[in-house]
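Numbering of the sequence shown is given in this note's numbering, commencing with residue 9 and proceeding in unit increments.
First comes the structure, then the notes that go with it.
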Amino acid sequence: MNVVHTPAYGAPGVLQITTAADPVPTDGEILVRVHASPVTAGDRRVRAADFPGATAWIGRLAIGLDGPRHPVQGTMFAGRVIAVGPSVTRFTVGDDVFGSADHGAYAELICVREDGPVATIPESSSYEEAASIPYGAGTALHFLRDLAKVQPGEKVLILGASGGVGRYAIQIAKHMGAEVTAVCSRAATTLVDELGADHMLDYKSMDFTANGHRYDVVFDIADASSFRHSRGSLTPTGRYLTLYLSASALLSVALTALIGGRRALFAVVLGERQRTEDLRALLADRTIRAVILDRYPMARAADAHRLAEQGVHGEVVIVPTPPEPLELVVAS
Numbered sequence: 009m010n011v012v013h014t015p016a017y018g019a020p021g022v023l024q025i026t027t028a029a030d031p032v033p034t035d036g037e038i039l040v041r042v043h044a045s046p047v048t049a050g051d052r053r054v055r056a057a058d059f060p061g062a063t064a065w066i067g068r069l070a071i072g073l074d075g076p077r078h079p080v081q082g083t084m085f086a087g088r089v090i091a092v093g094p095s096v097t098r099f100t101v102g103d104d105v106f107g108s109a110d111h112g113a114y115a116e117l118i119c120v121r122e123d124g125p126v127a128t129i130p131e132s133s134s135y136e137e138a139a140s141i142p143y144g145a146g147t148a149l150h151f152l153r154d155l156a157k158v159q160p161g162e163k164v165l166i167l168g169a170s171g172g173v174g175r176y177a178i179q180i181a182k183h184m185g186a187e188v189t190a191v192c193s194r195a196a197t198t199l200v201d202e203l204g205a206d207h208m209l210d211y212k213s214m215d216f217t218a219n220g221h222r223y224d225v226v227f228d229i230a231d232a233s234s235f236r237h238s239r240g241s242l243t244p245t246g247r248y249l250t251l252y253l254s255a256s257a258l259l260s261v262a263l264t265a266l267i268g269g270r271r272a273l274f275a276v277v278l279g280e281r282q283r284t285e286d287l288r289a290l291l292a293d294r295t296i297r298a299v300i301l302d303r304y305p306m307a308r309a310a311d312a313h314r315l316a317e318q319g320v321h322g323e324v325v326i327v328p329t330p331p332e333p334l335e336l337v338v339a340s
């Protein structure tokens with residue numbers, strides 16, 4: 009099979025197309041022909057070993073000090089099941105599925121556990137949309153539902169609302185009954201309005217802490233604030249959520265857990281089967297939708313990464329294998 013190979017850390021130009029042995033599903037695994045894999049912020053960081061703040065050395069230790077331990081990267085996928093291993097009961101050949109993996113999605117084929125973070129694609133969704141859901145929507149769902157426990161009527165402010173997590177955070181917060189303020193660039197105001205934001209703030213013209221409003225949740229997706237900076241804009245039981253771990257963030261998380269009241273919260277979000285099923289349900293009833301900006305064949309994976317690094321307001325998707333009609337094979 010063809011794969012996107014990352015021989016060393018670096019700019020998008022390090023990505024190469026090469027071949028690897030076709031994987032064979034073992035007990036409890038399914039083999040998926042990959043039809044879509046988005047370029048996520050996590051994928052770009054792994055390619056460049058660009059980990060923020062206190063996570064720099066942790067990241068290198070996890071993925072490889074001198075180069076990627078798993079050079080075939082890509083963590084989100086959607087495609088069709090073409091083979092199943094022994095004892096598999098959850099999926100059958102011909103099922104269209106999406107999900108997440110630790111690595112290996114930038115390939116024509118991938119093996120994943122049937123009991124892992126994978127689910128069937130709703131009929132209303134394309135491969136590209138389904139593949140784009142687990143990263144951004146999964147992160148937003150965990151932070152807003154499981155960490156912040158957003159309640160109907162609460163006020164949620166999202167910093168970086170037009171980004172890969174922010175676009176889904178708007179939709180999920182609205183689904184949970186919150187009043188949403190989206191902080192983004194002026195160029196993105198139409199998009200966040202279409203996604204359901206109640207209010208928009210241009211981050212270049214106003215610091216949200218100066219508008220006099222109080223929020224139950226400040227979700228900092230852009231590393232644009234801190235608990236200390238946001239504290240005065242939180243209600244007495246407000247929660248500051250951040251995707252970025254730093255020494256000051258870690259201290260804020262620890263201290264506020266002890267003191268109570270306003271809280272600082274951080275988490276590392278990994279793929280989970282139940283959350284993937286929850287995302288499927290949200291996708292099936294169109295509570296959430298992806299904004300697909302562009303698609304690239306595998307041969308242009310480097311171009312896909314270059315575009316995604318420009319801070320675009322939509323998903324950039326690599327298409328390892330174009331989908332084909334399912335061919336039914338009748339045993340003789």
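Here a beta-carbon is modelled for each residue, glycine too, at the ideal position from N, C-alpha and C.
If you're wondering where the values come from, they're calculated on a predicted model, not measured in any experiment.
Task: Whole-angstrom distance between Leu249 and Met306, CA atom to CA atom - done: For this step, residue 306 is matched to residue 298 along the sequence shown. For this step, residue 249 is matched to residue 241 along the sequence shown. Spanning the two alpha carbons is a distance of roughly 35 Å.
Task: As assigned by DSSP and simplified to three states, the class of Ile141 - done: What you label residue 141 is simply residue 133 of the sequence shown in a count that begins at 1. Reduced to three states, the DSSP call for Ile141 is helix.
Open item on the list: For Pro94, which residues in the same chain have their Cβ closer than 7 Å to its Cβ, ignoring the five residues on either side in sequence?
Closed with: For the purposes of this step, residue 94 is taken as the residue at position 86 of the sequence shown. Same-chain partners within the cutoff: Asp35.
Open item on the list: Is the separation between the beta-carbon of Arg88 and that of Gly102 shorter than 8 Å?
Closed with: Here residue 88 corresponds to residue number 80 of the sequence shown, with the count starting at 1. Here residue 102 corresponds to residue number 94 of the sequence shown, with the count starting at 1. Yes, Cβ-Cβ distance for Arg88 and Gly102 is below 8 Å.
TODO: Starting from the C-beta of Gly172, find all residues in its chain whose C-beta is less than 8 Å away, skip the five residues before and the five after it, and write them out in chain order.
DONE: As a first step, residue 172 must be located in the sequence shown, where it is residue number 164. Excluding sequence neighbours, Gly172 sits near Thr48, Ala49, Tyr143, Gly144 and Glu323.
- [ ] Can you grab the Cα-Cα spacing for the pair Val261 / Ile296, in whole Å?
- [x] Taking the first residue of the sequence shown as 1, we reach residue 261 at position 253. Taking the first residue of the sequence shown as 1, we reach residue 296 at position 288. Whole-angstrom Cα-Cα distance: 30 Å.
Task: Simplified DSSP state of Pro76, which is helix, strand or coil - done: Here the question's residue 76 lines up with position 68 in the sequence shown. It is coil, neither helix nor strand.
- [ ] Could you name the residues that DSSP lists as bridge partners for Ala272?
- [x] Mapped onto the sequence shown, residue 272 falls at position 264. Note: Ala272 sits in a beta bridge opposite Tyr248.
TODO: Would you mind giving the Cβ-Cβ distance between Ser45 and Ala127, rounded to the nearest angstrom? I have them listed as a contact below 8 Å.
DONE: Numbered from its first residue, the sequence shown carries residue 45 at position 37. Numbered from its first residue, the sequence shown carries residue 127 at position 119. Rounded, the Cβ-Cβ distance is 16 Å, inconsistent with contact.
Open item on the list: Quick test of your reading: Ala19 and Ala56, contact by CB under 8 Å. State the CB separation rounded to the nearest angstrom.
Closed with: One-based indexing of the sequence shown puts residue 19 at position 11. One-based indexing of the sequence shown puts residue 56 at position 48. 7 Å between Cβ atoms; contact.
Open item on the list: Less than 8 Å between C-beta atoms, sequence neighbours within five positions excluded: which residues of the same chain meet that for Ser92?
Closed with: One-based indexing of the sequence shown puts residue 92 at position 84. According to the sequence as given, residue 92 is Val; it is not Ser. Here the set comprises Pro33, Glu37, Ile38, Leu39, Phe99, Thr100, Val101 and Glu122.
- [ ] In the DSSP assignment, find the unbroken alpha helix (DSSP H) run with Arg175 in it and report its ends.
- [x] Taking the sequence shown and counting its residues from 1, the one referred to as residue 175 is at position 167. Segment Gly174 to His183, the alpha helix (DSSP H) holding Arg175.
- [ ] Would you kindly check if the distance between the Cβ of Val191 and the Cβ of Leu155 is under 8 Å?
- [x] For the purposes of this step, residue 155 is taken as residue 147 along the sequence shown, with counting starting at 1. For the purposes of this step, residue 191 is taken as residue 183 along the sequence shown, with counting starting at 1. It is not a contact, given that the beta carbons lie outside the stated cut-off.
Open item on the list: Measuring straight from C-alpha to C-alpha, what distance separates His43 and Val120?
Closed with: In the sequence shown, counting from the first residue as 1, residue 43 sits at position 35. In the sequence shown, counting from the first residue as 1, residue 120 sits at position 112. Using only the alpha carbons, I get a separation of about 15 Å.
- [ ] Count the other C-beta atoms from every protein chain shown that fall within 10 angstroms of the C-beta of Leu334, then say buried if there are 16 or more, exposed otherwise.
- [x] Along the sequence shown, one-based indexing puts residue 334 at 326. The predicted position of Leu334 is uncertain, since its pLDDT is 48 and thus under 50; a value taken from the coordinates is nonetheless stated next. Leu334 comes out exposed.
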